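Enquirer: The structure is given below, and queries will be raised subsequently.
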Ligand code: ADP
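Put into structure tokens, the structure is as follows:
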């Protein structure tokens, strides 16, 4: 649905996107992750044609964005909804009027507008707030209005630029759940730009990690967290502190694997004690994944590795 090939983007002489290639599939929730200044917003703005790119290809539904005429670009943008960190609502308009705005601009009839806005108010859970003004709403409610407004023209794609960054954790979860519902019910592809790993874990099926305009990771979300490479660990600010005596073995537990029983079973069957020196469990897309480091005596290495290998466990000596 969104095919990006060897995309480069410069601001003057500074390269802000460096050889970026990704394919975003129809119907998925895809996250573009990175620290501030990594190039995430630039990439997002290239996707909706707000920003030109220097070279490479960026196709949405088979159309090369930089080849679109002004008129076609306007039509193309109709198909992409956008939400932002600070909601971008018009303060002197009511909730209803804010949501109705894109349809008014495209000349829809009052009847069509009223039907659509009421449907969307119900979808985002704001039926009772249609006459409220933005300053009478909480942050989460404001974002719900913005989401409804982004959906008025029935887009195929919803781009979210740090949409939960100004919200507290509970509200963030509620908004992410709403995005999930929209993704499932309306089959809308969602691309999230975020610097928050929690957001990625909660909703994204795949994620792209950007650093200084370069892709440093690109995988299924579970894989990224389950088996982070060095760059990802650095990104997460995560290093295991493990003993420098004996052998440290890291054991990975893919989703829904009941790992406690594996560790205790191994201890029992090998009649051996070992120390669990590091461990981490994550809930990713409602699945539990994680890893754990055990420390064993040097002389037990062969026996333990033999046992682990027999059980099809993902592991590494660290
Ligand atoms: P992110 O969204 O990951 O925080 P951005 O895409 O906003 O990053 O910015 C990537 C880099 O491009 C940054 O170094 C930023 O300073 C620079 N940049 C962004 N917009 C412009 C612009 N309009 N002109 C010049 N440099 C820009």
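Residue numbers (my numbering): 2 to 319. Idealized CB from N, CA, C, for every residue including glycine. Only a predicted model underlies this, so the values are computations on that prediction, with no experimental measurement involved.
What does DSSP give as the partner residue(s) for residue 32 in the beta ladder?
Expert: Partner(s): 193, 208.
Enquirer: Tell me which residues pass a beta-carbon proximity test against ligand 1: closer than 6 Å to any heavy atom, given in chain order.
Expert: Taken from the N-terminal end onward, the list reads 12, 17, 35, 37, 38, 39, 40, 41, 42, 43.
Enquirer: By the DSSP assignment, the alpha helix (DSSP H) with residue 121 in it spans what residues?
Expert: Taken as a continuous stretch (DSSP letters only), the alpha helix (DSSP H) holding residue 121 covers 111-125.
Enquirer: When you compare the stretch 162-173 with the stretch 17-25, are there three or more beta-carbon pairs, one atom per stretch, that lie closer than 8 Å?
Expert: Judged by Cβ distances under 8 Å, the stretch 162-173 makes no contact with the stretch 17-25, as fewer than three pairs qualify.
Enquirer: Kindly indicate which residue of 3, 41, 26 has the alpha-carbon position closest to the one of residue 17.
Expert: The shortest C-alpha separation from residue 17 is found at 41.
Enquirer: So what does residue 87 bridge to, in DSSP terms?
Expert: Per DSSP, none; premise fails for residue 87.
Enquirer: Helix, strand or coil: how does DSSP classify residue 183 here?
Expert: DSSP places residue 183 in helix when its eight states are reduced to three.
Enquirer: Contact check, residue 69 vs residue 5 under 8 Å by CB: the rounded distance?
Expert: No, residue 69 and residue 5 are not in contact; Cβ-Cβ is about 16 Å, not under 8 Å.
Enquirer: Just how far apart, CA to CA, sit residue 34 and residue 182?
Expert: Their backbone Cα atoms lie some 22 Å apart in a straight line.
Enquirer: When the Cα of residue 179 is compared with those of 157, 167, 153, 149, which residue comes out closest?
Expert: The shortest C-alpha separation from residue 179 is found at 149.
Enquirer: Can you tell me whether residue 138 is helix, strand or coil according to DSSP?
Expert: The answer is coil: DSSP assigns residue 138 none of H, G, I, E or B.
Enquirer: Tell me, please, which residues DSSP counts as bridged to residue 203.
Expert: Paired residue(s): none; residue 203 is not in a bridge.
Enquirer: Short of 6 Å in beta carbon distance, which residues of its chain neighbour residue 125, apart from the five on each side in sequence? Order them along the chain.
Expert: So the list reads 145, 148, 149, once near-sequence residues are dropped.
Enquirer: Give a yes or no on whether the C-beta atoms belonging to residue 82 and residue 151 are separated by under 9 Å.
Expert: Yes, the Cβ-Cβ distance between residue 82 and residue 151 is below 9 Å.
Enquirer: Since residue 162 contacts residue 194 with CB under 8 Å, what's their CB separation in whole angstroms?
Expert: With a Cβ gap of about 5 Å, residue 162 and residue 194 count as contacting.
Enquirer: Please report how far the alpha carbon of residue 106 lies from the alpha carbon of residue 227, in whole angstroms.
Expert: Using only the alpha carbons, I get a separation of about 46 Å.
Enquirer: Would you tell me roughly how many angstroms separate the C-alpha atoms of residue 287 and residue 303, rounded to the nearest one?
Expert: Taking the straight line joining both Cα atoms gives about 36 Å.
Enquirer: Mind checking which residues open and close the alpha helix (DSSP H) that includes residue 307?
Expert: It spans 302-311 - the alpha helix (DSSP H) in which residue 307 sits, taken as one unbroken run.
Enquirer: How big is the Cα-Cα spacing for residue 158 and residue 279?
Expert: Straight-line Cα distance between these residues: approximately 41 Å.
Enquirer: Could you give the residue range of the alpha helix (DSSP H) that holds residue 104?
Expert: Element bounds for residue 104: 96-106.
Enquirer: Helix, strand or coil: which one does DSSP assign to residue 73?
Expert: Residue 73 falls in the helix class under three-state DSSP.
Enquirer: If we count the other Cβ atoms within 10 Å of its Cβ and call it buried at 16 or more, is residue 295 buried or exposed?
Expert: Classification for residue 295: buried.
Enquirer: Buried or exposed for residue 10, going by 16 or more other Cβ atoms inside 10 Å?
Expert: Residue 10 is buried by the Cβ-count criterion.
Enquirer: Nearest to residue 247 by alpha carbon, out of 203, 300, 274?
Expert: When each option's Cα is compared against that of residue 247, the closest is 300.
Enquirer: May I ask you to report which of helix, strand or coil DSSP gives residue 228?
Expert: Coil at residue 228, not helix or strand.
Enquirer: Name the two residues that bound the continuous alpha helix (DSSP H) containing residue 43.
Expert: Start and end: 41-48.
Enquirer: What's the call for residue 93, buried or exposed, on a 16-neighbour Cβ count within 10 Å?
Expert: Residue 93 should be labelled exposed.
Enquirer: The beta strand (DSSP E) spanning residue 243 covers which residue range?
Expert: Segment: none, residue 243 is in no beta strand (DSSP E) and carries neither H nor E.
Enquirer: Below 8 Å CB to CB, which residues in the same chain sit around residue 238 once its five sequence neighbours on both sides are set aside?
Expert: For residue 238, where only same-chain residues beyond five positions count, there are no Cβ hits under 8 Å.
Enquirer: Excluding sequence positions up to five away, which residues of its chain have a Cβ less than 8 Å from the Cβ of residue 55?
Expert: Contacts found: 9, 10, 11.
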